[in-house]
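In our numbering, the protein residues as written are 73 to 253.
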């Protein structure tokens, strides 16, 4: 027999539907815009700029905010939602390279009107993905020979790349190739 037609999705089922609904303004002939600068005034970039971050980076909260161009309130929100973590050093919190990179990305999201609470989904996905990577790579590390450790690092890198590609493909499927060619 023939397969039943794919069920139609109710409004606001996909993330794209929710975002579209949040940006809609019920008043006629007006356009809702995210908080912050007007979207038409902002340049659209295909990828956030990535400057290399030294592995030994250790910045205080003020330094991090100045370097990335974010407010201390935004940094506090990023920390509250678990997106950045500090370590105490000399009685003060210090932020490493991962926090700097996340803060740079969150800064661009903020420019686009996206708040840190909406970025938490990426943290949850990364934590789950890290669990899978560890499950596959840790047995190689337990072999304690240099080749096995190199293989573990290569496997972890490949899994991370595959995960990023899979994420983009699934996102493209959900929002459509017109938005994400």
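All C-beta atoms, glycine included, are put in the ideal place defined by N, C-alpha and C.
- Item | Reference residue 210; option with closest CA among 236, 225 and 200 | For this step, residue 210 is matched to residue 138 along the chain shown. Checked all of 236, 225 and 200; the closest Cα to residue 210 is 225.
- Which residues in the same chain as residue 153 place their Cβ atom closer than 8 Å to its Cβ, once the five residues preceding and following it in sequence are excluded? Here residue 153 refers to the residue found at position 81 when the chain shown is read from its first residue. Around residue 153, the same chain offers 188, 189, 191, 192 and 195 as residues with beta carbons nearer than 8 Å, after the five sequence neighbours per side are excluded.
- Element boundaries [beta strand (DSSP E), containing residue 249]: Stepping through the chain shown from its first residue, residue 249 is reached at position 177. First-last for residue 249: undefined, no H or E at that position.
- With distances taken Cα to Cα, identify the nearest neighbour of residue 206 among 227, 218, 222 and 186. Here the question's residue 206 lines up with position 134 in the chain shown. Distance from the Cα of residue 206 is smallest, within the candidate group 227, 218, 222 and 186, for 227.
- Since residue 161 is in the beta strand (DSSP E), which residue starts that stretch and which ends it? Your numbering for residue 161 matches position 89 in the chain shown. Here the beta strand (DSSP E) through residue 161 covers 158-161.
- Task: Let me know the secondary structure DSSP gives residue 179 once reduced to three states.
- Result: Sequence index remark: in the chain shown, residue 179 carries index 107 (1-based). Of the three classes helix, strand and coil, the one that applies to residue 179 here is helix, per DSSP.
- Task: On a CA-only basis, which of 157, 185, 197 and 145 is nearest residue 168? Give me that one, please.
- Result: As a first step, residue 168 is located in the chain shown; it is residue number 96 there, counting from the start. Cα-wise, what sits closest to residue 168 is 157.
- Query: Is the CB-CB distance between residue 283 and residue 221 below 8 Å?
  - Reply: Not covered by the structure: residue 283. The range shown for the chain is 73 to 253.
- Task: State the start and end residues of the unbroken beta strand (DSSP E) segment that holds residue 166.
- Result: Sequence index remark: in the chain shown, residue 166 carries index 94 (1-based). DSSP places residue 166 in the uninterrupted beta strand (DSSP E) bounded by 164-167.
- Query: Would DSSP call residue 155 helix, strand or coil?
  - Reply: As a position in the chain shown, residue 155 is number 83, starting the count at 1. Coil.
- Item | Expected contact under 8 Å - CB spacing of residue 137 and residue 147 to nearest Å | Counting from one through the chain shown, the residue named residue 137 turns up at place 65. Counting from one through the chain shown, the residue named residue 147 turns up at place 75. That belief holds up - the Cβ atoms of residue 137 and residue 147 are roughly 6 Å apart, short of 8 Å.
- Cutoff 8 Å: residue 214 Cβ touching any chain D Cβ: Absent from the structure is chain D; it holds one protein chain and no more.
- Message: Output needed for residue 244: all residues of its chain with C-beta closer than 6 Å, excluding positions within five of it in sequence on either side, in chain order.
- Response: As a first step, residue 244 is located in the chain shown; it is residue number 172 there, counting from the start. Answer for residue 244: 252, listed in chain order.
- Return the Cβ separation of residue 133 and residue 155 in integer angstroms, given the expectation that the two are a contact with Cβ distance under 8 Å. For the purposes of this step, residue 133 is taken as residue 61 along the chain shown, with counting starting at 1. For the purposes of this step, residue 155 is taken as residue 83 along the chain shown, with counting starting at 1. That pair is no contact at about 14 Å.
- Message: Tell me which residues share the same chain as residue 144 and place their Cβ nearer than 7 Å to its Cβ, disregarding the 5 neighbours each side in the sequence.
- Response: Within the chain shown, the letter at position 72 stands for residue 144. Cβ within range, chain order: 133 and 137.
- Alpha carbon to alpha carbon, how far is residue 97 from residue 180? Here residue 97 is taken as the residue at index 25 of the chain shown, counted from 1. Here residue 180 is taken as the residue at index 108 of the chain shown, counted from 1. Caution applies to residue 97, whose pLDDT of 39 falls short of 50 and renders its modelled position unreliable; the value that the coordinates give is listed next. Near 24 Å, if we compare the C-alpha coordinates of residue 180 and residue 97.
- Excluding the five sequence neighbours on either side, which residues of its own chain have a C-beta within less than 6 Å of the C-beta of residue 231, listed in chain order? Locating residue 231 in the chain shown gives position 159, counting from the first residue. The residues 205, in chain order, have a CB closer than 6 Å to that of residue 231 in the same chain once the five nearest residues on each side in sequence are set aside.
- Message: So, at 8 Å on beta carbons, what are the nonlocal neighbours of residue 91 in its own chain, with the 5 sequence-adjacent residues on each side left out?
- Response: Residue 91 sits at position 19 when you count from the first residue of the chain shown. With a pLDDT of 48 at residue 91, under the threshold of 50, the modelled position of this residue cannot be trusted; read the value that follows with caution. Non-local C-beta neighbours of residue 91 in its own chain, meaning closer than 8 Å and more than five positions away in sequence, are absent.
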